[in-house]
Each structure stands twice: as structure tokens, then as C-alpha cells.
Amino acid sequence: MSDLFEHPDDATPLTLEEQRELIPAHIAYRSELNEAEQESIARAQDWALRTRRDLLSEKFVRDLHKQMLGDVWRWAGKFRTSERNLGIPFYEIPTALPQLLADVKAWIEYKSYPPDEIAVRFHHRLVQIHLFPNGNGRHSRLMADLLLMRLGGERFSWGSANLQAAGDVRGRYIAALNAADNHDIGPLLAFARS
Numbered sequence: 017m018s019d020l021f022e023h024p025d026d027a028t029p030l031t032l033e034e035q036r037e038l039i040p041a042h043i044a045y046r047s048e049l050n051e052a053e054q055e056s057i058a059r060a061q062d063w064a065l066r067t068r069r070d071l072l073s074e075k076f077v078r079d080l081h082k083q084m085l086g087d088v089w090r091w092a093g094k095f096r097t098s099e100r101n102l103g104i105p106f107y108e109i110p111t112a113l114p115q116l117l118a119d120v121k122a123w124i125e126y127k128s129y130p131p132d133e134i135a136v137r138f139h140h141r142l143v144q145i146h147l148f149p150n151g152n153g154r155h156s157r158l159m160a161d162l163l164l165m166r167l168g169g170e171r172f173s174w175g176s177a178n179l180q181a182a183g184d185v186r187g188r189y190i191a192a193l194n195a196a197d198n199h200d201i202g203p204l205l206a207f208a209r210s
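Heads up: the sequence shown begins at 17 in the working numbering, then just goes up one per residue.
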């Protein structure tokens, strides 16, 4: 039996409709799906590092997700249209994202936080909103890295491990996100540089 749509307890499950939007017909196992997604994400990183577009625009946020997962999923770059085990109600996404982008622009303009903290807060809020059916953590980490580099910083290490795999590093990441949900950004800042 295929483990294709099995997911860790702390991962976002796809609806049956979303599962049907898998593009490569040959994929039957989770390992094949992970490999296809990773190859697509690597190409998207190259694309994102070359672009000079406005990172803090809804168009770029959507385009990056489409670049990351568009070879694998038809819903890539489209906001989710159903509720999840986390994230805001889906119908609030069209107002929450512009508000977040405006907040980040203000944080930068008024130097509200150091660059690392701006990027980590941006990442955390993107995860909280949970824009897309899946890939939100990977997307928000890349968005934070791109923003940080635009601000003159170096990319985060994000625990120096594959956060898709279950284990201690993923557990620390989830715990840091939970702390940030409770207004303690410190653990997530530390994790991003670990």
C-alpha cells in the first residue's frame, strides 16, 4: 500500500480534491513526492535569487509558491479554499496577507526590529496565516531568507536539517513556532540561526 498521502501528525493534510491535483502521474510513494517537490523547490530558489521583483507583494508571494510547487501540484500559488488543522479561516487570507505585507514594510521603514527579527516575524506570521494547501513552512522560510538577504543579512540555517522529516529538529522548530504563537519570538529567532 502506498504511503503517498500519509503525513506526520503536525503536518497539514490535503483534502481529497487537493490530492487529485498531483501533476506527475508516476508518483506513488511519499519519498517520490518529496523528491519531486525538492527538485522543484531547488529550481524555485535559483529563480528567486535571480529576481529583483518586489518581495513584499501578493503577486510575488503567490509566484514564489507557484515556482516552488507548480511542477508537482495544480493548486500551487493559489490560496487555500478550505479549513486546516492550523491557520486562520481561509476566507480571511485575502485581507490578512496585505496587512502582513504592510506591517513588514513598516517594520523595515521604521527599523522596528533588527533584520533577523523582521524576517523571523514575517516567517512566523506567514505560517500562522497558512496561505496555501501545503508547502507553507518551506515557502515562508524561503520568503524570510529572501527578505533577510535583501536587508543585507545572510540566510538562516533553520536548524541545519530537513524540516520535512520527523525528529528532534522538526520538534524544536514546531516548539519554537508554538512559543511565537504565545508572543515569545526568542526560541524561533534562536532556531533560525541554529
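Ideal placement from N, C-alpha and C gives every residue a C-beta, glycine not left out.
Query: Proximal residues to I39 (C-beta, below 8 Å), its chain only, five neighbours per side dropped; Result: D87, V88, W89, R90
Query: Residue nearest to L80 in terms of C-alpha spacing, selected from E22, E99, S56; Result: S56
Query: Inter-stretch contact (C-beta, 8 Å, three-pair minimum) for the region 190-207 and the region 130-139; Result: yes
Query: Inter-stretch contact at 8 Å, needing at least 3 Cβ pairs: the region 114-122 / the region 135-154; Result: yes
Query: Nonlocal neighbours in the same chain, by C-beta distance under 6 Å from V185, ignoring five residues either side; Result: G175, A177
Query: Anticipated Cβ contact below 8 Å, S173 with S210, distance rounded; Result: 6 Å
Query: L38 (DSSP reduced to helix, strand or coil); Result: strand
Query: Minimum Cβ-Cβ distance from Q144 to chain C less than 7 Å; Result: In summary, chain C is missing from the structure at hand, where a single protein chain is found.
Query: Helix, strand or coil at W123 according to DSSP, with G and I counted as helix; Result: helix
Query: Residues near D19 in its chain [Cβ-Cβ closer than 7 Å; skip 5 each side]; Result: Y45, R46
Query: Cβ-based burial, M17 [other Cβ within 10 Å; buried from 16]; Result: Only weak support exists for where M17 lies, its pLDDT of 45 falling under 50; the value from the coordinates is given anyway. Under this definition M17 is an exposed residue.
Query: CA-to-CA distance, L147 to D200, given in whole angstroms; Result: 22 Å
Query: Test item: CB-CB of N150 and T28 under 7 Å; Result: yes
Query: Q83 versus A64 - alpha carbon distance; Result: 9 Å
Query: Classification of S73 by the beta-carbon crowding that lies within 10 angstroms, buried from 16 upward; Result: exposed
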